[in-house]
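Novice:
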Amino acid sequence: MIPAAFSYVRAGSVEEALDELSRHGGAARLLAGGHSLLPAMKLRRAEPGVLIDIGRLRELSYVRADGDRIAVGALTSHRTLERDPVVAEQVPLLAAAARRIGDQQVRNRGTIGGSLAHADPAADLAGAVLALDGVLVARGPSGVREIPAREFFTGRCRNALAAAELLTEIRLPAAPGRSYAFEKFSRRALDWAVVGVAAQERPGGGVAVALIGMGPTPVRATAVEEALAAGTPAAEAARLAAQGCEPPDNAVASASYRAHLAEVLVTRAMAAL
Amino acid sequence: MIGSAVPRKEDAALLTGRGTFVDDIHRPGLLHMVYVHSTEAHALISGIDAEEARSLPGVLGVWTARDFAGLPPRPSVPGLERGYLAGDKVHYVGEPVAVVVAADRYTAADAARAVRVAYEPLPVMATVADALAPDAVPIFAPLPGNLALEQQVTPDDVTADLEAAPNRLRARLVNQRCAGTPIEPYGVLADWAGAGPTVWATVQAPHRVRAEIAERFGLARHLVRVIAPDVGGAFGVKSSFMPELFLAPELSRRLGRPVKYVETRGEHMVHTYHGRDQVQDVEVGFDAEGRVLALDVTITVNVGGVPDPVGIGLATLTSYMLGGCYRIPKIAARFRSVVTNTTPTASYRGAGRPEASFLIERVVDLVARELGKDPADVRKVNLIQPDEMPYQTPFEGIVYDEADYPAALDLLLGELDYAGLRAEQARRLADPAAPLLGVGLSTFVEMGGFGPTPLFEQFGYLGGWESANVRLQPDGSVIVLVGTAPHGQGHQTALAQIAADQLNVPFEAISVLYGDTAVVQEGTGTMGSRGMPVAGNAVRQAAAEVAAKARTIAAHMLEADADDVVPIGDGFQVNGAPEATVTLAAVAERAFKPHLLPEGTVLGLENTAYFEPKNLSYPSGAHGCVVEIDRDTGRVSILRYVCVDDCGTVINPLTARGQIHGGVAQGIAQALYEKVTFDGDGRPLAASLEDYMVPGPLDLPPYETHHIETKSSFNPLGAKGLGEAGATAAPQAVVNAVVDALAHLGVRDVEMPCTPERVWKVMHDAS
Amino acid sequence: MRVEITVNGQPHSREIEPRLLLVHFLRDTLSLTGTHIGCDTSSCGACTVLLDGVAIKSCTVLAAQADGCAVTTIEGLAGEDGLSPVQEGFRQCHGLQCGFCTPGMVMAATALLAERPDPTEQEIRNGLKGNMCRCTGYQMIVESVQWAAANGGAR
């Protein structure tokens, strides 16, 4: 219930945050909304020596249309994603996923960057960003680099960011008027997804399908996508949903039930497209 | 005022953040106590290193079992005496091993983390099957087979009756382990100032707690003051004697400063006792109409790692209630309570009776299924009829009070539109795209109004009565002191309604106080649906005495005969003489003027009554549930939940409705969501609200509530109690509906909780 | 470190440990004990307060993060003219029993009505899904919020 002691630094700018990150090395963690990190710290599953609070970096809270891409600042709250008109028009899948996160209190504080960086394999936004072929922008001591969402999630709660890097922006191809679906199956309404599916009709044709809760990271259902591209009927393609996945087998759900849910939810997502 | 839906007196403070819960109380010099809990389910403690913890600034000390060796054990099963902390051995994950006290809660948490306990693992028996296995290791030396208690509840052997029955069937039913999970966890603040401690605690029976504390410390009871302030829900789990009730006062005594302990939720899920956890092996004999002729039941209870004196015997109550609302001539019941390396189990809302109701209502459905009959019809042929009341069950002393079980079932079937539902069910079965529909019924009867004393003594209480002191203030307003300790039931309101009627005083002019042993006369407490049937009658009786005395004084003031004086609006008048009146306020003031009263009149207007009920009361009713099952995922959705309750006299329909809703919610939670689970090593898998599935607002349905009011003749108010009714009726109403929806697949049972995965597996395996 | 936090309109400046949770700042530092703690996993919502007008769980926010912000707690809801409509709704409709989840529930309901003055039953349940109640089974809470919506809303 009570976090271990740490020292606290409030970053006034991205540069300052990066400086602090470099200075403290692995001992420091970034604090955005805090809705992934603080619960872990309260249970003492995380005991960082330094917290760098980037929560006030207004410069990282924005949604911008940038040509055929939508740029979302890493500190944009779930609440903003739910109701931002640009998101609603250009990448509505992101809003649909944001609406399904936790509760109003959590959505008010949680941020897209914090959620993605936490890299929980069942995170709603991770599924949406993956299905949208998002690109994550990281800034570090050696400059800025882009990491495709497909390469960002490297393991259960692990990401591709270097120790001194900060996630600043998520770039998403605009998909106005394209159909999408977000299907989430949770035990209680408040819970994380047991399994979830984000599906997006791609601007270049075809359908992208991402799964959450089906392995150590969010994954693309490649077999389903390929089958659909080859003209396989949706119901048949959905049967491939769990192919290549290593769903967890735990107290939340068995691996076989998750595999079954993946098929059901992909079927439903396809029907909703 | 009885029968009036007035808003509660309690609410003004609670709604403005001005309630007083244990953790809200601050005392100068306050210290914070934190436990170090066992991380092992079964192990020898080979060493405890508290040096680092002791060295932290702000830490006052770290204590282990040997530091409390001088205290008598806490309330225990004879022969299995329990200390306050684990000694040489731990018996379950979460058992307190050491206790830390520090100047603030942050330092205390740090220090608890810094205590290192070394364990030598022992074989873990996390299940009853493991604990009863031939190669099982005894968890307690005096219990070689890990059996804490084995009891034949009835002398009857029904083998011959079962053999003679035209039909028989067997079933094994599982009533899983649940956690009470009040939103406020357990908390204690002890301040040993002067000759004895004052203890603020989240308890349901402050006088009982006072007696236990006094006994441990060798103090006379007047030196111990126990206060149950606002208590944030209890549901039975705050009736167990947790070690902190004794450790906090003892450490306050040693340190000369007040000591507070407040559980975290994570601790609550492994430390505060759980409930239910029964496996029931049943054999039933029945005729072609579905009449139950004989019932044979063996109950196995998992009582966890340290047998609780209440927990080991709760299956007695289950046994007594096995017949439900039905005329079952022969019942044989026995139970065994088994220790395992898990958190102990004891009372949880209904404490033994919901398990019985679940059993008999599942059995009746199984009988109906076996015979191809409608479950409603099988219930009807078995129901006890109103003209058979009071009804002597096959168990000595268990006599049901007045009720009309058939009327409750008929009302339920009408409200449900049962025939319409059956038609809709058939239509959906024929349409593979439609979700499956299921209808579940549960009549129920349970025990309320605990005592009487001979029964309640067996659970360690001084008595089964309840006390009330009703005291007119000199201005005619009223203070009622009652021996209960409510935690959400609304006694300030309902008991004021009862007093208002007796005294002819406005509801607003009455305050009801409770929960402080220094203020309230000896009391019993709040559990076992006893508020209205027992405390309500105590208030009624005390108030009636006061009213009678007020009338005598009024008669004196009006210079009339007491028999000629009648109560009017705000006082009394002489019958037939509208001008000869006196207000109650004037009477009350006069009660304190000896020179203006007849010679020999006792001063003051007050009375203390101890009401002993003639017997338990038996709240009953019929609940129905309509579910829809998603054929693809197995998810169960409740479309309708309909309750018909007979709690006898309804004091306040608003709070009565709330009690029914809350009980039903917990029953549905047991049926669909909740289960305390452990892995093979005895490690808890549901030790937080993320993992233990307490349902939220979107997970529970609206409830339709109806009442039949059959007054009980066992007490003058005619009330039966209703706090546990919903939790008693709901689980099997839901499970019967789930099984009903799947019956066409040959499904006979679905174990609780009927989670989507479990239901899907059952469907998958059946088809 | 020093924080300046305005609570229920009153500014407070305090020296705190960085790890101090906002809920403990309110309860222990300022003795505003109306805000409760019911879990350690941000699940139950008993600690819900308004931070710069939006509902948050104060057990999952550092007091340091609230530096310079305005907090409204249950103690700040009733005015001189009595209970707020949401509080009164809970009273009228018996939306509380033990009262422990109530402050969080009332704050969450107040935030909900500020955004959706006329919510459907489903919207109310959805808006309160971060708040657990073990006593009521929620239906009378839903009715309380409906009462409030019809009698003044989030004021």
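Residue numbers (the working numbering), protein chains in the order written: chain A, 1 to 273; chain B, 1 to 767; chain C, 1 to 155.
For glycine and all other residues, C-beta sits at the position ideal for the given N, C-alpha and C.
Just so you know, these numbers come straight off a predicted model, no measurement behind them.
1) For the alpha helix (DSSP H) that contains ASP49 (chain B), what are its first and last residues?
2) On the three-state DSSP scale, how would you describe THR343 (chain B)?
3) Name the residue from A:GLY231, A:SER256, A:GLY215, A:ASN250 whose alpha carbon lies nearest to the alpha carbon of ALA122 (chain A).
4) Comparing C-alpha positions only, which one of B:VAL470, B:ASN382, B:TYR610 sits nearest to THR524 (chain B)?
5) Please compile the residues from chain A whose C-beta is within a distance smaller than 7 angstroms of the C-beta of GLY696 (chain B).
6) Determine the direct distance from the alpha carbon of ALA69 (chain B) to that of ARG29 (chain A), and round the result to whole angstroms.
7) Using the Cβ count rule (16 or more neighbours within 10 Å means buried), how would you classify VAL602 (chain B)?
8) Suppose the cutoff is 6 angstroms on Cβ atoms and the five residues either side in sequence are ignored; what does the same chain contact list for ASP11 (chain B) look like?
9) State the Cα-Cα distance for the pair ALA814 (chain B) and GLN97 (chain C), rounded to the nearest angstrom.
10) Check for me: the beta strand (DSSP E) holding GLN280 (chain B) runs from which residue to which?
11) Run through DSSP, which three-state label would GLU289 (chain B) get?
12) Check whether the region 195 to 207 of chain A and the region 167 to 180 of chain A touch, using three or more Cβ-Cβ pairs below 8 angstroms as the test.
13) With DSSP run on the structure shown, which of helix, strand or coil describes ARG168 (chain B)?
14) Quick one: give me the first and last residue of the alpha helix (DSSP H) that THR655 (chain B) is part of.
15) Can you check whether the CB of GLN659 (chain B) is closer than 7 angstroms to the CB of ARG349 (chain B)?
16) Looking only at its own chain, which residues have a Cβ that is under 6 angstroms from the Cβ of TYR8 (chain A), when we skip the five neighbours before and after it?
17) Give the residues from the region 46 to 76 of chain A that approach chain C closer than 8 angstroms (Cβ to any Cβ), ordered along the chain.
18) Select from B:VAL626, B:THR608, B:GLY232 the residue whose C-alpha is nearest the C-alpha of VAL739 (chain B).
19) Please list the partners that MET532 (chain B) has in chain A, where partner means a Cβ-to-Cβ separation under 7 angstroms.
20) Report all residues from its chain with a CB closer than 6 angstroms to the CB of LEU223 (chain B); omit the five preceding and five following residues, and keep chain order.
21) With DSSP collapsed to three states, give me the class of GLY155 (chain A).
22) Do ASP630 (chain B) and PRO452 (chain B) have their C-beta atoms closer together than 7 angstroms?
23) Rounded to whole angstroms, what's the CA-CA distance from VAL439 (chain B) to THR393 (chain B)? Just pull it up for me.
24) Have a look at ARG158 (chain A) and VAL195 (chain A) and give me their C-alpha separation to the nearest angstrom.
25) What residues in the region 28 to 54 of chain C bring their beta carbon closer than 8 angstroms to a beta carbon of chain B?
26) If you follow the beta strand (DSSP E) that GLU579 (chain B) is part of, which residue opens it and which one closes it?
27) What did DSSP end up calling SER296 (chain A) once you bin it into helix, strand or coil?
28) Do you know offhand how far LEU412 (chain B)'s Cα is from ALA743 (chain B)'s?
29) Does TYR257 (chain A) come within less than 7 angstroms of chain B when only Cβ atoms are used?
30) So, for SER115 (chain A): in the same chain, excluding its five sequence neighbours on each side, which residues have a beta-carbon less than 6 angstroms away from its beta-carbon?
31) Is it the case that the region 679 to 689 of chain B contacts the region 629 to 648 of chain B, given that we only count it when at least three CB pairs across the two stretches are under 8 angstroms?
32) Between the C-alpha atoms of ALA40 (chain A) and ALA46 (chain A), what's the straight-line distance to the nearest angstrom?
33) Beta-carbon of PRO7 (chain B) versus every beta-carbon of chain C: anything under 7 angstroms?
34) Kindly indicate which residue of B:ARG590, B:ASN715, B:LEU722 has the alpha-carbon position closest to the one of ILE708 (chain B).
35) With DSSP as the reference, identify every bridge partner of GLU95 (chain B), one or two as the case may be.
36) Buried or exposed for LYS9 (chain B), going by 16 or more other Cβ atoms inside 10 Å?
Specialist: Short version:
1) Taken as a continuous stretch (DSSP letters only), ASP49 (chain B) belongs to no alpha helix (DSSP H), being part of the beta strand (DSSP E) at 43 to 49.
2) Note: THR343 (chain B) maps to coil in three-state DSSP.
3) Among A:GLY231, A:SER256, A:GLY215, A:ASN250, the Cα nearest to that of ALA122 (chain A) belongs to A:GLY215.
4) If we check each option's Cα against that of THR524 (chain B), B:TYR610 comes out closest.
5) Under the 7 angstroms cutoff, chain A gives ARG188, ALA189, LEU190.
6) Their Cα atoms are separated by approximately 46 angstroms.
7) Exposed: under 16 other Cβ atoms inside 10 Å.
8) Cβ neighbours of ASP11 (chain B) beyond the five flanking positions: none.
9) Any property of residue 814 (chain B) remains undetermined from this structure, which presents chain B solely from 1 to 767.
10) Looking at the DSSP string, the run of the beta strand (DSSP E) that includes GLN280 (chain B) is 275 to 286.
11) DSSP, reduced to helix, strand and coil, places GLU289 (chain B) outside both helices and strands of the structure shown, so it counts as coil.
12) Contact holds: three or more Cβ-Cβ distances are below 8 angstroms.
13) Three-state DSSP puts ARG168 (chain B) in a strand.
14) It spans 653 to 672 - the alpha helix (DSSP H) in which THR655 (chain B) sits, taken as one unbroken run.
15) Inclusion of ARG349 (chain B) and GLN659 (chain B) in the CB contact set at 7 angstroms is not warranted, their separation being larger than that value.
16) Short of 6 angstroms from the beta carbon of TYR8 (chain A), and not among the five residues preceding or following it, lie these beta carbons of its own chain, in chain order: LEU51.
17) From the region 46 to 76 of chain A, only LEU51, ASP53, GLY55 have a Cβ closer than 8 angstroms to chain C.
18) Answer by Cα proximity: B:VAL626.
19) Here the premise fails: no neighbours, minimum Cβ distance about 33 angstroms.
20) A distance below 6 angstroms between beta-carbons, with the five flanking residues on each side excluded, links LEU223 (chain B) to the following residues of its chain, in chain order: ALA195, GLY196.
21) Correct three-state label for GLY155 (chain A): strand.
22) It is not a contact, given that the beta carbons lie outside the stated cut-off.
23) A straight line joining the alpha-carbon of VAL439 (chain B) with that of THR393 (chain B) spans about 29 angstroms.
24) Distance between ARG158 (chain A) and VAL195 (chain A), taken at the CA atoms: about 19 angstroms.
25) So the close ones are ASP28, SER31, LEU32, THR33, GLY34, THR35, HIS36, ILE37, GLY38, CYS39, ASP40, THR41, SER43, CYS44, ALA46.
26) It spans 577 to 583 - the beta strand (DSSP E) in which GLU579 (chain B) sits, taken as one unbroken run.
27) Missing from the structure shown is residue 296 (chain A); chain A here goes from 1 to 273 and no further.
28) Cα to Cα, LEU412 (chain B) sits roughly 22 angstroms from ALA743 (chain B).
29) Interface residue, yes.
30) In its chain, beyond the 5 residues on either side, ALA123, LEU125 have a beta carbon closer than 6 angstroms to the beta carbon of SER115 (chain A).
31) In the pairwise beta carbon analysis, the region 629 to 648 of chain B is classified as not touching the region 679 to 689 of chain B: fewer than three pairs are separated by under 8 angstroms.
32) Their backbone Cα atoms lie some 5 angstroms apart in a straight line.
33) Taking Cβ atoms only, chain C reaches closer than 7 angstroms to PRO7 (chain B), which makes this a yes.
34) Among B:ARG590, B:ASN715, B:LEU722, the Cα nearest to that of ILE708 (chain B) belongs to B:LEU722.
35) BP columns for GLU95 (chain B) are empty, so no partner.
36) Burial state of LYS9 (chain B) is buried, judged by a 10 Å Cβ sphere holding 16 or more other Cβ atoms.
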